[in-house]
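Okay, structure first, notes after.
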Amino acid sequence: MSFNAFRSYLRPFFVQQRTYTAKKPTSKLWSLEESKQLLDFVKIYGRDWVTIAPHFKDRGRKSLSSRYLFMKKQESGDVHTLFQTGEIPPDHPIVWTLEDDKLILELVKRNGHKWKEISAIFKDRSADDIAQRYTLLINDDKIKRGSWTKEETAEFDKLFAIYGDDFVSLSLKLGTRTEEQCRLRYRYLMGLPVTVYSLSEGQISRLLKAIEEIGPNDFKAVLKKAQLPYSITADDVAKFYRRELDPKIVKDEWTKEEVELMVDLYNELDGCMELVQPRLPKKRALKDMWTHYNDYKQKHLL
261 MSFNAFRSYL RPFFVQQRTY TAKKPTSKLW SLEESKQLLD FVKIYGRDWV TIAPHFKDRG
321 RKSLSSRYLF MKKQESGDVH TLFQTGEIPP DHPIVWTLED DKLILELVKR NGHKWKEISA
381 IFKDRSADDI AQRYTLLIND DKIKRGSWTK EETAEFDKLF AIYGDDFVSL SLKLGTRTEE
441 QCRLRYRYLM GLPVTVYSLS EGQISRLLKA IEEIGPNDFK AVLKKAQLPY SITADDVAKF
501 YRRELDPKIV KDEWTKEEVE LMVDLYNELD GCMELVQPRL PKKRALKDMW THYNDYKQKH
561 LL
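Using my numbering, the first residue of the sequence shown is number 261, and each one after it goes up by one.
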């Protein structure tokens, strides 16, 4: 028996037979919650509908793509349909009007890339929001979605060596990716997860405004209002608030005695810094506590 004949004979035993089942996409209307989730996933994965589709029950790739393009269209000013149906309120943070876009371009032309000064003119817009919108306006036809190419990654590495974690300047120089895409790319390359500690300045600003409006007792509503990435939960936000954003947290200089007390408590409580935090005379941010603990550890070679 020839080799080809022998291979043909054995093929059915080793080759997995593929079967395809067509899933009929749903025709139901998109809810506001689904729309926001779609935008969050696009921020993380780009337009990789194969990866995003499993997160949406009864939504096909074509449905996701069409919805996203519709959302992008209304960002450019065609918002009347969504306002009338009540799907998205006029003050929703994803909505940018043509007047907003014109004003951003005019202010940048007049004042340069002074994002904080420009953001002060806009209601509920952070410096990061303005910078990212400007990047989209000047590079809309160049902005890419989905997987990064080897060339893009190499250029990103070169620019990161120059700008560091100034992802606004880096994205403007790169020209093909937004500030959030660059930030997420950095975390991916470093093997870091997307958590509350990786939130941008603009996202933290939105979170603080949401807490100020709603209060620190309903973090599900806060999360919905702040429009944070889908992977972050209400429990994550509640912990982050207690650890880092609580108004009771003191930010003045540490005393030597305070650092030593923190280290002693840390050793007594079996290395649980969260239990140490409420036992200090002054409430300190957990991240700040870890910084001072590690500095003490290095000085004293613990």
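Glycine included, every Cβ here is placed at the ideal spot set by N, Cα and C.
When only Cα atoms are considered, residue 300 and residue 489 end up about 5 Å apart.
Residue 449 counts as exposed, since fewer than 16 other beta carbons sit within 10 angstroms of its beta carbon.
A straight-line Cα-Cα distance of about 6 Å links residue 389 and residue 462. Within the same chain, no residue comes within 6 Å of residue 560 by CB-CB distance, once the 5 residues on both sides are set aside.
509 is the residue among 554, 558, 556 and 509 whose C-alpha sits nearest the C-alpha of residue 539.
In terms of Cβ geometry, residue 409 and residue 438 do not form a close pair [threshold 8 Å].
Pairing residue 466 with residue 498 gives a Cβ-Cβ distance that is not under 8 Å. Residue 407 and residue 417 have their C-alpha atoms spaced approximately 16 Å apart. Between residue 505 and residue 535, the beta carbon gap of about 19 Å keeps them out of contact (Cβ cut-off 8 Å). Less than 8 Å separates the beta-carbon of residue 316 from that of residue 324.
Rounded to the nearest whole angstrom, the C-alpha separation of residue 435 and residue 321 is 27 Å.
Cβ neighbours of residue 296 within its own chain (closer than 7 Å, five residues either side excluded): 487. Its chain contains 510 as the residues whose beta carbon lies nearer than 7 Å to that of residue 542, once the 5 sequence neighbours on both sides are disregarded; these appear in chain order.
Distances from the CA of residue 457 to each of 500, 557 and 516 were compared; the closest alpha carbon is that of 500. Linking residue 551 to residue 294 through their CA atoms gives a straight-line distance of about 39 Å.
With a threshold of 16 other beta carbon atoms within 10 Å, residue 531 falls short and is exposed. Within the same chain, and ignoring the five residues on either side of residue 459 in sequence, no residue has its Cβ closer than 6 Å to its Cβ. Within the same chain, and ignoring the five residues on either side of residue 397 in sequence, the residues whose Cβ sits closer than 7 Å to its Cβ are 361, 364 and 365. When 392, 471, 525 and 319 are compared, the shortest CA-CA separation from residue 374 is found for 392. It is roughly 12 Å from the alpha-carbon of residue 513 to the alpha-carbon of residue 549. In the assembly as shown, residue 310 is an exposed residue. Its beta-carbon has fewer than 16 other beta-carbons within 10 Å. Put simply, the backbone Cα of residue 494 is about 6 Å away from that of residue 483. For residue 519, the secondary structure class from DSSP, reduced to helix, strand or coil, is helix.
Of the candidates 516, 547 and 308, 516 places its Cα closest to the Cα of residue 556.
It is roughly 14 Å from the alpha-carbon of residue 433 to the alpha-carbon of residue 411.
Annotated three-state conformation of residue 487 is coil, per DSSP. Exclusion of the five residues before and after residue 553 leaves 522, 523 and 526 as the residues of its chain whose Cβ lies within less than 7 Å of its Cβ.
Residue 421 is classed as exposed because its beta carbon has fewer than 16 other beta carbons within 10 Å across all chains shown. Rounded to whole angstroms, the gap between the alpha carbons of residue 386 and residue 529 is 40 Å. Per DSSP, residue 371 is one residue of the alpha helix (DSSP H) stretching across 358-371.
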